[in-house]
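Student:
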Amino acid sequence: MKFLHSMIRVKDIDKSLRFYMDFLGLKLISKNSLEDCDLYFLGENENTCQIELTYNYKTPINGYENGNSFGHFAFGTKDMEKTSLKVKEMGYEFLYAPFTLDLKDENGSVTPLCVAFIKDPDGNEIELIQKDEL
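The opening residue of the sequence shown carries number 2 in this note's numbering; numbering runs sequentially from there.
1. Buried or exposed for G44, going by 16 or more other Cβ atoms inside 10 Å?
2. Got a sec, what are the start and stop residues for the alpha helix (DSSP H) V11 sits in?
3. Say whether the stretch 99 to 113 touches the stretch 62 to 78, bearing in mind that this needs 3 or more beta-carbon pairs closer than 8 Å, one atom from each stretch.
4. Excluding the 5 residues flanking K132 on each side, which residues of the same chain have their C-beta closer than 6 Å to its C-beta?
5. Under three-state DSSP, which class holds S7?
6. Among residues of its own chain, excluding the 5 on either side of L5, which ones have a beta-carbon nearer than 8 Å to its beta-carbon?
Listed below in structure tokens is the structure:
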């Protein structure tokens, strides 16, 4: 088995595509139109796990309610400082500004990890993690 994609419903496809493509850097892999919706598959390339943005033609006026089961998507960045500037430049705001999280392994060694959280246009949380090896 291979994990292929995760789907979220979006209220405004243009705002969502701007966020996921222009801010997070995902590419449009494919678009499919069904009777009642358009499906946008975004990823780094065809062979990676993707996010499916579903835009229903009859979207509720107030959008969709975020349940209490889904947590967040996580994206890696090489430079949290540059990412922070991009957040401001594109008019987004941090839910949690960058902070250091100390991760301990089984031997008690501590590895500091810089993380931050923002929300997409529909209120879904996105975790940003600084990773040098990207």
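The beta carbon of each residue, even a glycine, is placed where N, CA and C say it ideally should be.
Tutor: Based on what the coordinates show:
1. In the sequence shown, the residue the question calls residue 44 occupies position 43. Counting the other CB atoms within 10 Å of its CB gives G44 a total of 16 or more, which places it among the buried residues.
2. For the purposes of this step, residue 11 is taken as the residue at position 10 of the sequence shown. Premise fails: V11 is in no alpha helix (DSSP H) and is neither H nor E.
3. Using a C-beta cut-off of 8 Å, the stretch 99 to 113 makes no contact with the stretch 62 to 78, since fewer than three inter-stretch Cβ pairs fall below that distance.
4. Within the sequence shown, numbered from 1, the residue matching residue 132 stands at position 131. Correct list, in chain order: G77.
5. Residue 7 sits at position 6 when you count from the first residue of the sequence shown. DSSP, read as helix, strand or coil, puts S7 in strand.
6. The sequence position of residue 5 within the sequence shown is 4, counting from 1. Same-chain partners within the cutoff: C50, Q51.
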